[in-house]
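A short worksheet on the structure shown next.
Residue numbers (the working numbering): 30 to 482.
Dropping the structure here:
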(Lines of atoms letter the chains of each structure in order from A and count residues from 1; the text may use other names and numbers.)
(Lines give C-alpha, C1' and ligand atoms only; values in the text may rest on other atoms or scores of the structure.)
Protein backbone atom coordinates (compact mmCIF):
# COMPACT_ATOMS: atom_id res chain seq x y z
CA UNK A 1 0.00 0.00 0.00
CA UNK A 2 1.46 3.36 -1.03
CA UNK A 3 1.17 6.46 1.10
CA UNK A 4 -0.97 9.10 -0.54
CA UNK A 5 0.00 12.76 -0.31
CA UNK A 6 -1.14 14.25 2.93
CA UNK A 7 -2.34 10.90 4.27
CA UNK A 8 -0.05 11.09 7.29
CA UNK A 9 -1.46 14.36 8.54
CA UNK A 10 -5.02 13.29 7.77
CA UNK A 11 -4.81 10.00 9.66
CA UNK A 12 -2.80 11.62 12.45
CA UNK A 13 -5.51 14.24 12.91
CA UNK A 14 -8.21 11.59 12.83
CA UNK A 15 -6.42 9.50 15.41
CA UNK A 16 -5.87 12.44 17.75
CA UNK A 17 -9.40 13.69 17.28
CA UNK A 18 -11.01 10.36 18.05
CA UNK A 19 -8.76 9.66 21.03
CA UNK A 20 -9.61 13.09 22.44
CA UNK A 21 -13.33 12.52 21.98
CA UNK A 22 -13.72 15.38 19.56
CA UNK A 23 -15.67 13.37 17.02
CA UNK A 24 -19.43 13.03 17.07
CA UNK A 25 -20.99 11.01 19.88
CA UNK A 26 -21.76 8.08 17.59
CA UNK A 27 -18.20 8.00 16.26
CA UNK A 28 -16.67 8.45 19.70
CA UNK A 29 -18.79 5.54 20.92
CA UNK A 30 -16.86 3.33 18.51
CA UNK A 31 -13.54 4.08 20.18
CA UNK A 32 -11.36 1.22 21.29
CA UNK A 33 -13.13 -0.72 23.97
CA UNK A 34 -16.56 -0.04 22.49
CA UNK A 35 -16.02 -0.90 18.85
CA UNK A 36 -12.84 -2.35 17.41
CA UNK A 37 -12.78 -3.15 13.72
CA UNK A 38 -10.30 -5.51 12.11
CA UNK A 39 -7.64 -3.78 10.06
CA UNK A 40 -5.41 -5.29 7.37
CA UNK A 41 -3.16 -8.05 8.65
CA UNK A 42 -0.16 -5.79 9.22
CA UNK A 43 -2.24 -3.62 11.55
CA UNK A 44 -3.96 -6.41 13.48
CA UNK A 45 -1.76 -6.12 16.56
CA UNK A 46 -2.57 -2.41 16.81
CA UNK A 47 -6.32 -2.85 16.37
CA UNK A 48 -7.24 -1.84 19.96
CA UNK A 49 -5.92 1.68 19.30
CA UNK A 50 -8.17 2.39 16.34
CA UNK A 51 -11.79 3.34 16.01
CA UNK A 52 -13.74 2.53 12.87
CA UNK A 53 -13.17 6.00 11.42
CA UNK A 54 -9.39 5.74 11.86
CA UNK A 55 -9.51 2.30 10.25
CA UNK A 56 -11.26 3.71 7.19
CA UNK A 57 -8.68 6.50 6.94
CA UNK A 58 -5.87 3.97 7.17
CA UNK A 59 -7.41 1.92 4.36
CA UNK A 60 -7.91 4.91 2.09
CA UNK A 61 -4.37 6.14 2.13
CA UNK A 62 -2.19 5.21 5.05
CA UNK A 63 -0.31 2.50 6.81
CA UNK A 64 0.72 2.16 10.39
CA UNK A 65 3.54 4.61 9.60
CA UNK A 66 0.87 7.29 9.25
CA UNK A 67 0.30 7.21 12.97
CA UNK A 68 3.08 8.09 15.37
CA UNK A 69 4.74 4.83 16.31
CA UNK A 70 5.29 6.11 19.82
CA UNK A 71 1.52 6.02 20.26
CA UNK A 72 0.96 2.49 19.05
CA UNK A 73 4.13 0.72 20.16
CA UNK A 74 3.32 0.95 23.87
CA UNK A 75 1.04 -2.10 23.97
CA UNK A 76 3.29 -3.97 26.42
CA UNK A 77 3.00 -1.37 29.18
CA UNK A 78 0.11 -1.37 31.69
CA UNK A 79 -2.57 1.18 30.80
CA UNK A 80 -0.54 2.18 27.73
CA UNK A 81 -3.69 3.32 25.93
CA UNK A 82 -4.31 5.95 28.61
CA UNK A 83 -2.50 9.26 28.95
CA UNK A 84 -2.02 8.62 32.68
CA UNK A 85 -3.25 6.05 35.27
CA UNK A 86 -5.82 8.49 36.67
CA UNK A 87 -7.68 8.12 33.39
CA UNK A 88 -8.71 4.61 34.45
CA UNK A 89 -10.80 6.22 37.20
CA UNK A 90 -11.91 9.16 35.09
CA UNK A 91 -13.13 6.82 32.35
CA UNK A 92 -14.65 4.19 34.67
CA UNK A 93 -18.33 3.45 34.02
CA UNK A 94 -20.93 1.07 35.53
CA UNK A 95 -20.50 -1.15 32.45
CA UNK A 96 -17.70 -2.88 34.34
CA UNK A 97 -20.15 -4.28 36.87
CA UNK A 98 -21.51 -6.53 34.12
CA UNK A 99 -18.32 -8.54 34.68
CA UNK A 100 -19.36 -9.18 38.30
CA UNK A 101 -22.74 -10.40 37.08
CA UNK A 102 -21.21 -12.87 34.65
CA UNK A 103 -18.59 -14.05 37.12
CA UNK A 104 -21.12 -14.35 39.93
CA UNK A 105 -23.65 -16.38 37.97
CA UNK A 106 -20.97 -18.84 36.82
CA UNK A 107 -19.85 -19.25 40.44
CA UNK A 108 -23.42 -20.07 41.47
CA UNK A 109 -24.06 -22.38 38.51
CA UNK A 110 -20.94 -24.48 39.16
CA UNK A 111 -22.19 -25.27 42.65
CA UNK A 112 -25.63 -26.36 41.44
CA UNK A 113 -24.66 -28.96 38.86
CA UNK A 114 -26.08 -32.47 39.34
CA UNK A 115 -23.91 -34.97 41.19
CA UNK A 116 -22.54 -32.56 43.82
CA UNK A 117 -19.04 -32.74 42.36
CA UNK A 118 -16.71 -31.37 45.04
CA UNK A 119 -14.13 -30.01 42.60
CA UNK A 120 -16.74 -27.92 40.78
CA UNK A 121 -18.09 -26.61 44.08
CA UNK A 122 -14.57 -25.57 45.12
CA UNK A 123 -14.12 -23.84 41.76
CA UNK A 124 -17.45 -22.07 42.22
CA UNK A 125 -16.51 -20.95 45.72
CA UNK A 126 -13.14 -19.63 44.53
CA UNK A 127 -14.86 -17.75 41.73
CA UNK A 128 -17.37 -16.31 44.21
CA UNK A 129 -14.56 -15.05 46.45
CA UNK A 130 -12.82 -13.56 43.43
CA UNK A 131 -16.08 -11.86 42.49
CA UNK A 132 -16.25 -10.21 45.91
CA UNK A 133 -12.79 -8.73 45.32
CA UNK A 134 -13.81 -7.66 41.81
CA UNK A 135 -17.04 -6.01 42.99
CA UNK A 136 -15.22 -4.23 45.82
CA UNK A 137 -12.52 -2.92 43.46
CA UNK A 138 -15.10 -1.69 40.96
CA UNK A 139 -17.10 -0.02 43.72
CA UNK A 140 -14.02 1.84 44.96
CA UNK A 141 -13.07 2.93 41.43
CA UNK A 142 -16.55 4.17 40.60
CA UNK A 143 -16.85 5.96 43.95
CA UNK A 144 -13.47 7.59 43.28
CA UNK A 145 -14.73 8.82 39.93
CA UNK A 146 -17.62 10.61 41.63
CA UNK A 147 -15.24 12.13 44.19
CA UNK A 148 -12.47 13.29 41.85
CA UNK A 149 -14.34 13.76 38.55
CA UNK A 150 -17.83 14.70 39.69
CA UNK A 151 -18.59 17.01 36.75
CA UNK A 152 -17.91 14.30 34.21
CA UNK A 153 -19.38 11.49 36.29
CA UNK A 154 -22.78 13.17 36.46
CA UNK A 155 -22.99 13.24 32.66
CA UNK A 156 -24.08 9.61 32.82
CA UNK A 157 -27.64 10.64 33.69
CA UNK A 158 -28.07 12.19 30.27
CA UNK A 159 -26.45 9.36 28.31
CA UNK A 160 -28.96 7.08 26.65
CA UNK A 161 -26.84 3.92 26.83
CA UNK A 162 -24.36 4.05 29.71
CA UNK A 163 -27.02 5.10 32.24
CA UNK A 164 -28.78 1.77 31.66
CA UNK A 165 -25.81 -0.01 33.20
CA UNK A 166 -26.63 1.35 36.65
CA UNK A 167 -28.78 -1.77 36.88
CA UNK A 168 -25.70 -3.99 36.74
CA UNK A 169 -24.58 -2.77 40.19
CA UNK A 170 -27.44 -4.28 42.25
CA UNK A 171 -27.50 -7.35 39.99
CA UNK A 172 -23.79 -7.93 40.55
CA UNK A 173 -24.32 -7.54 44.30
CA UNK A 174 -27.18 -10.07 44.20
CA UNK A 175 -24.85 -12.79 42.92
CA UNK A 176 -22.55 -12.15 45.88
CA UNK A 177 -25.48 -12.30 48.32
CA UNK A 178 -26.65 -15.60 46.84
CA UNK A 179 -23.08 -16.87 47.12
CA UNK A 180 -23.13 -16.04 50.83
CA UNK A 181 -26.01 -18.49 51.22
CA UNK A 182 -24.63 -21.11 48.83
CA UNK A 183 -20.96 -21.06 49.84
CA UNK A 184 -20.53 -18.78 52.85
CA UNK A 185 -23.06 -20.26 55.28
CA UNK A 186 -22.00 -23.92 54.76
CA UNK A 187 -18.36 -22.88 55.29
CA UNK A 188 -18.51 -20.26 58.05
CA UNK A 189 -21.88 -20.88 59.64
CA UNK A 190 -25.20 -19.12 60.19
CA UNK A 191 -23.48 -15.97 61.43
CA UNK A 192 -23.39 -14.83 57.80
CA UNK A 193 -27.18 -14.94 57.41
CA UNK A 194 -27.77 -11.51 59.04
CA UNK A 195 -25.10 -10.08 56.72
CA UNK A 196 -26.86 -11.54 53.68
CA UNK A 197 -30.17 -10.23 55.02
CA UNK A 198 -28.83 -6.69 55.45
CA UNK A 199 -27.10 -6.65 52.06
CA UNK A 200 -30.31 -7.87 50.46
CA UNK A 201 -32.26 -4.87 51.71
CA UNK A 202 -29.51 -2.60 50.35
CA UNK A 203 -29.79 -4.43 47.04
CA UNK A 204 -33.57 -3.98 47.07
CA UNK A 205 -33.22 -0.23 47.60
CA UNK A 206 -30.80 0.09 44.68
CA UNK A 207 -32.95 -2.10 42.43
CA UNK A 208 -36.10 -0.09 43.19
CA UNK A 209 -34.26 3.17 42.50
CA UNK A 210 -32.80 1.93 39.21
CA UNK A 211 -36.12 0.49 38.11
CA UNK A 212 -37.95 3.81 38.23
CA UNK A 213 -35.36 6.62 38.13
CA UNK A 214 -33.55 5.48 34.98
CA UNK A 215 -36.81 5.12 33.00
CA UNK A 216 -37.84 8.54 34.35
CA UNK A 217 -34.63 10.01 32.94
CA UNK A 218 -35.32 8.24 29.66
CA UNK A 219 -38.65 10.02 29.53
CA UNK A 220 -37.39 13.46 30.58
CA UNK A 221 -33.65 14.01 29.94
CA UNK A 222 -32.38 11.56 27.35
CA UNK A 223 -32.83 11.23 23.61
CA UNK A 224 -34.10 7.90 22.34
CA UNK A 225 -35.53 6.59 19.09
CA UNK A 226 -37.05 3.25 18.19
CA UNK A 227 -34.42 2.54 15.52
CA UNK A 228 -31.61 3.00 18.08
CA UNK A 229 -33.28 0.90 20.76
CA UNK A 230 -31.49 -2.21 22.03
CA UNK A 231 -32.08 -4.70 24.83
CA UNK A 232 -29.93 -2.61 27.20
CA UNK A 233 -33.20 -0.85 28.06
CA UNK A 234 -33.89 -3.93 30.18
CA UNK A 235 -30.92 -3.53 32.52
CA UNK A 236 -32.31 -1.02 35.05
CA UNK A 237 -35.70 -2.74 35.10
CA UNK A 238 -34.50 -6.33 35.58
CA UNK A 239 -32.54 -5.55 38.76
CA UNK A 240 -35.71 -5.81 40.88
CA UNK A 241 -36.59 -9.33 39.75
CA UNK A 242 -33.00 -10.45 40.38
CA UNK A 243 -33.42 -9.15 43.94
CA UNK A 244 -36.73 -11.03 44.14
CA UNK A 245 -35.08 -14.33 43.26
CA UNK A 246 -32.32 -13.58 45.76
CA UNK A 247 -34.93 -12.97 48.46
CA UNK A 248 -36.35 -16.41 47.77
CA UNK A 249 -32.92 -17.91 48.44
CA UNK A 250 -32.50 -16.13 51.80
CA UNK A 251 -36.03 -16.23 53.26
CA UNK A 252 -36.13 -19.88 54.46
CA UNK A 253 -32.88 -19.36 56.40
CA UNK A 254 -34.15 -16.46 58.53
CA UNK A 255 -34.83 -17.41 62.14
CA UNK A 256 -37.76 -15.04 62.64
CA UNK A 257 -41.05 -16.08 61.00
CA UNK A 258 -42.11 -12.46 60.62
CA UNK A 259 -38.87 -11.61 58.81
CA UNK A 260 -39.42 -14.59 56.50
CA UNK A 261 -42.93 -13.41 55.68
CA UNK A 262 -41.80 -9.82 55.05
CA UNK A 263 -39.05 -11.00 52.71
CA UNK A 264 -41.38 -13.33 50.82
CA UNK A 265 -44.02 -10.65 50.25
CA UNK A 266 -41.35 -8.12 49.28
CA UNK A 267 -39.95 -10.61 46.77
CA UNK A 268 -43.35 -11.02 45.15
CA UNK A 269 -43.69 -7.24 44.92
CA UNK A 270 -40.22 -6.94 43.38
CA UNK A 271 -41.08 -9.61 40.82
CA UNK A 272 -44.25 -7.73 39.81
CA UNK A 273 -42.34 -4.42 39.85
CA UNK A 274 -39.99 -5.75 37.19
CA UNK A 275 -41.26 -8.62 35.05
CA UNK A 276 -44.34 -7.01 33.42
CA UNK A 277 -42.31 -3.90 32.54
CA UNK A 278 -39.52 -6.05 31.11
CA UNK A 279 -42.02 -8.01 29.00
CA UNK A 280 -43.46 -4.77 27.63
CA UNK A 281 -39.95 -3.67 26.64
CA UNK A 282 -39.44 -7.01 24.89
CA UNK A 283 -42.59 -6.39 22.85
CA UNK A 284 -41.19 -3.04 21.69
CA UNK A 285 -37.85 -4.72 20.98
CA UNK A 286 -39.47 -7.30 18.68
CA UNK A 287 -41.16 -4.48 16.78
CA UNK A 288 -37.86 -2.58 16.52
CA UNK A 289 -36.05 -5.65 15.16
CA UNK A 290 -38.79 -6.30 12.62
CA UNK A 291 -38.85 -2.71 11.36
CA UNK A 292 -35.18 -1.72 11.61
CA UNK A 293 -33.38 -5.10 11.61
CA UNK A 294 -30.38 -5.96 13.77
CA UNK A 295 -28.43 -3.24 15.61
CA UNK A 296 -24.77 -2.46 14.92
CA UNK A 297 -22.34 -5.34 15.49
CA UNK A 298 -20.94 -3.49 18.51
CA UNK A 299 -24.23 -4.31 20.21
CA UNK A 300 -24.24 -7.98 19.16
CA UNK A 301 -24.13 -9.25 22.74
CA UNK A 302 -27.30 -7.30 23.56
CA UNK A 303 -29.28 -9.96 21.69
CA UNK A 304 -28.74 -12.20 24.74
CA UNK A 305 -30.00 -9.63 27.24
CA UNK A 306 -33.59 -10.48 26.33
CA UNK A 307 -33.07 -13.90 27.88
CA UNK A 308 -32.18 -12.32 31.23
CA UNK A 309 -35.57 -11.12 32.50
CA UNK A 310 -37.25 -14.30 31.28
CA UNK A 311 -34.77 -16.64 32.94
CA UNK A 312 -34.73 -14.58 36.13
CA UNK A 313 -38.52 -14.31 36.10
CA UNK A 314 -38.81 -18.08 35.86
CA UNK A 315 -36.22 -18.66 38.57
CA UNK A 316 -37.93 -16.14 40.84
CA UNK A 317 -41.28 -17.89 40.54
CA UNK A 318 -39.73 -21.30 41.20
CA UNK A 319 -37.73 -20.17 44.24
CA UNK A 320 -40.37 -17.92 45.81
CA UNK A 321 -43.07 -20.47 45.08
CA UNK A 322 -40.99 -23.14 46.77
CA UNK A 323 -40.74 -20.98 49.91
CA UNK A 324 -44.44 -20.10 49.98
CA UNK A 325 -46.06 -23.23 51.55
CA UNK A 326 -44.02 -23.23 54.77
CA UNK A 327 -43.93 -19.45 55.22
CA UNK A 328 -47.63 -18.91 54.48
CA UNK A 329 -48.57 -21.87 56.69
CA UNK A 330 -46.68 -20.31 59.60
CA UNK A 331 -49.04 -17.34 59.27
CA UNK A 332 -52.25 -19.36 59.03
CA UNK A 333 -52.48 -19.26 55.22
CA UNK A 334 -51.62 -22.82 54.25
CA UNK A 335 -54.05 -22.86 51.32
CA UNK A 336 -52.55 -19.68 49.87
CA UNK A 337 -49.11 -21.25 50.19
CA UNK A 338 -50.15 -24.34 48.24
CA UNK A 339 -51.66 -22.19 45.49
CA UNK A 340 -48.55 -20.00 45.35
CA UNK A 341 -46.35 -23.08 44.97
CA UNK A 342 -48.46 -24.37 42.08
CA UNK A 343 -48.52 -21.00 40.35
CA UNK A 344 -44.77 -20.68 40.81
CA UNK A 345 -44.08 -24.03 39.16
CA UNK A 346 -46.41 -23.48 36.20
CA UNK A 347 -45.18 -19.91 35.69
CA UNK A 348 -41.59 -21.12 35.87
CA UNK A 349 -42.18 -23.72 33.16
CA UNK A 350 -44.01 -21.24 30.93
CA UNK A 351 -41.30 -18.62 31.29
CA UNK A 352 -38.66 -21.27 30.60
CA UNK A 353 -40.43 -22.08 27.32
CA UNK A 354 -40.50 -18.41 26.35
CA UNK A 355 -36.82 -18.22 27.23
CA UNK A 356 -36.09 -21.14 24.92
CA UNK A 357 -37.45 -19.10 22.00
CA UNK A 358 -35.29 -16.11 22.89
CA UNK A 359 -32.21 -18.28 23.40
CA UNK A 360 -32.55 -19.95 20.00
CA UNK A 361 -33.12 -16.55 18.40
CA UNK A 362 -30.05 -15.15 20.18
CA UNK A 363 -27.96 -18.06 18.88
CA UNK A 364 -29.08 -17.38 15.30
CA UNK A 365 -28.45 -13.63 15.64
CA UNK A 366 -25.00 -14.25 17.12
CA UNK A 367 -24.15 -16.64 14.27
CA UNK A 368 -25.22 -13.94 11.81
CA UNK A 369 -22.99 -11.36 13.49
CA UNK A 370 -20.08 -13.79 13.73
CA UNK A 371 -19.82 -14.02 9.94
CA UNK A 372 -18.56 -10.45 9.79
CA UNK A 373 -16.69 -10.52 13.07
CA UNK A 374 -17.92 -9.20 16.40
CA UNK A 375 -15.72 -6.41 17.83
CA UNK A 376 -14.88 -6.93 21.48
CA UNK A 377 -16.19 -4.54 24.09
CA UNK A 378 -17.45 -4.75 27.66
CA UNK A 379 -20.88 -5.53 26.23
CA UNK A 380 -19.62 -9.08 25.65
CA UNK A 381 -20.42 -9.75 29.30
CA UNK A 382 -24.01 -9.70 28.07
CA UNK A 383 -23.31 -13.18 26.71
CA UNK A 384 -22.81 -14.53 30.23
CA UNK A 385 -25.40 -13.52 32.85
CA UNK A 386 -28.55 -14.16 30.78
CA UNK A 387 -27.23 -17.56 29.69
CA UNK A 388 -26.16 -18.29 33.25
CA UNK A 389 -29.48 -17.48 34.89
CA UNK A 390 -31.29 -19.52 32.23
CA UNK A 391 -28.91 -22.42 32.95
CA UNK A 392 -29.59 -22.18 36.70
CA UNK A 393 -33.34 -22.10 36.02
CA UNK A 394 -32.99 -25.20 33.85
CA UNK A 395 -31.12 -27.02 36.62
CA UNK A 396 -33.77 -25.93 39.13
CA UNK A 397 -36.51 -27.41 36.96
CA UNK A 398 -34.49 -30.61 36.74
CA UNK A 399 -34.46 -30.85 40.54
CA UNK A 400 -38.15 -30.00 40.99
CA UNK A 401 -39.52 -32.13 38.14
CA UNK A 402 -36.88 -34.88 38.35
CA UNK A 403 -36.58 -34.92 34.57
CA UNK A 404 -33.25 -35.92 33.01
CA UNK A 405 -33.90 -33.61 30.06
CA UNK A 406 -33.54 -30.49 32.19
CA UNK A 407 -30.51 -31.87 34.03
CA UNK A 408 -28.67 -32.70 30.81
CA UNK A 409 -29.56 -29.42 29.12
CA UNK A 410 -28.60 -27.52 32.27
CA UNK A 411 -25.14 -29.11 32.23
CA UNK A 412 -24.72 -28.23 28.54
CA UNK A 413 -25.72 -24.62 29.21
CA UNK A 414 -23.30 -24.33 32.13
CA UNK A 415 -20.55 -25.72 29.89
CA UNK A 416 -21.40 -23.07 27.27
CA UNK A 417 -21.37 -20.44 30.00
CA UNK A 418 -17.96 -21.57 31.23
CA UNK A 419 -16.42 -21.39 27.76
CA UNK A 420 -17.92 -17.97 27.11
CA UNK A 421 -16.78 -16.69 30.50
CA UNK A 422 -13.21 -17.84 29.84
CA UNK A 423 -13.17 -16.07 26.48
CA UNK A 424 -14.69 -12.82 27.74
CA UNK A 425 -12.63 -12.78 30.94
CA UNK A 426 -9.40 -13.24 28.98
CA UNK A 427 -10.23 -10.45 26.55
CA UNK A 428 -11.32 -8.18 29.39
CA UNK A 429 -8.11 -8.81 31.31
CA UNK A 430 -6.02 -7.91 28.26
CA UNK A 431 -8.11 -4.81 27.55
CA UNK A 432 -7.96 -3.68 31.17
CA UNK A 433 -4.19 -4.19 31.29
CA UNK A 434 -3.66 -2.13 28.15
CA UNK A 435 -6.22 0.42 29.27
CA UNK A 436 -8.16 0.51 26.02
CA UNK A 437 -11.35 -0.68 27.73
CA UNK A 438 -11.41 2.41 29.94
CA UNK A 439 -13.50 4.62 27.68
CA UNK A 440 -16.43 6.70 28.87
CA UNK A 441 -18.86 7.67 26.09
CA UNK A 442 -20.29 10.23 28.51
CA UNK A 443 -17.06 12.23 28.37
CA UNK A 444 -16.90 11.96 24.60
CA UNK A 445 -20.48 13.21 24.34
CA UNK A 446 -19.71 16.10 26.70
CA UNK A 447 -16.72 17.17 24.61
CA UNK A 448 -18.77 16.91 21.44
CA UNK A 449 -21.42 19.21 22.95
CA UNK A 450 -18.78 21.69 24.08
CA UNK A 451 -17.21 21.68 20.61
CA UNK A 452 -20.57 22.56 19.06
CA UNK A 453 -21.01 25.65 21.25
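Even for Gly, the Cβ is constructed at its ideal location relative to N, Cα and C.
Just so we're clear, the structure is a prediction, and the values are computed from it rather than from any experiment.
The DSSP-derived three-state label of residue 259 is coil. For residue 282, the closest alpha carbon among the candidates 254, 342, 356 and 294 is that of 356.
Segment contact: the stretch 412-427 against the stretch 449-468, three or more CB-CB distances shorter than 8 Å; contact assigned. Cα atoms of residue 328 and residue 408: separation of roughly 7 Å, rounded to the nearest angstrom.
Secondary structure at residue 114: coil, using DSSP grouped into helix, strand and coil. The distance from the Cβ of residue 276 to that of residue 295 is about 6 Å, consistent with a contact at the 8 Å cut-off.
The residue from 159, 456 and 420 with its alpha-carbon nearest to that of residue 403 is 456.
Contact check for residue 341 against residue 271 passes: the beta carbons are separated by less than 9 Å.
In terms of CA proximity to residue 255, 310 leads the group 232, 310 and 209.
In this structure, 212 is the residue among 380, 285, 212 and 395 with its C-alpha nearest to the C-alpha of residue 160. Membership of residue 278 in the alpha helix (DSSP H) is indicated by the continuous run 264-279. The C-beta distance from residue 201 to residue 245 rounds to 23 Å, too long to fall under 8 Å, and the pair is not in contact.
Nearest C-alpha to residue 293 among 268, 472 and 358: 358. Between the stretch 431-451 and the stretch 135-151, the count of Cβ pairs shorter than 8 Å is three or higher; the stretches touch. Pairwise C-beta distances place the stretch 116-123 in contact with the stretch 173-182, as three or more of them are shorter than 8 Å. Judged by DSSP in its simplified three-state form, residue 121 adopts coil rather than helix or strand.
Annotation: residue 146 is outside any alpha helix (DSSP H) and is labelled neither H nor E by DSSP.
Look at residue 252 here: in three-state DSSP terms it is coil, with no helix or strand label.
Boundaries for residue 328: no alpha helix (DSSP H) harbours it, and the DSSP string shows neither H nor E there. Note on geometry: alpha-carbon atoms of residue 379 and residue 459 lie some 40 Å from one another. With a cut-off of 8 Å on Cβ pairs, the stretch 313-333 is in contact with the stretch 393-403, counting three or more such pairs.
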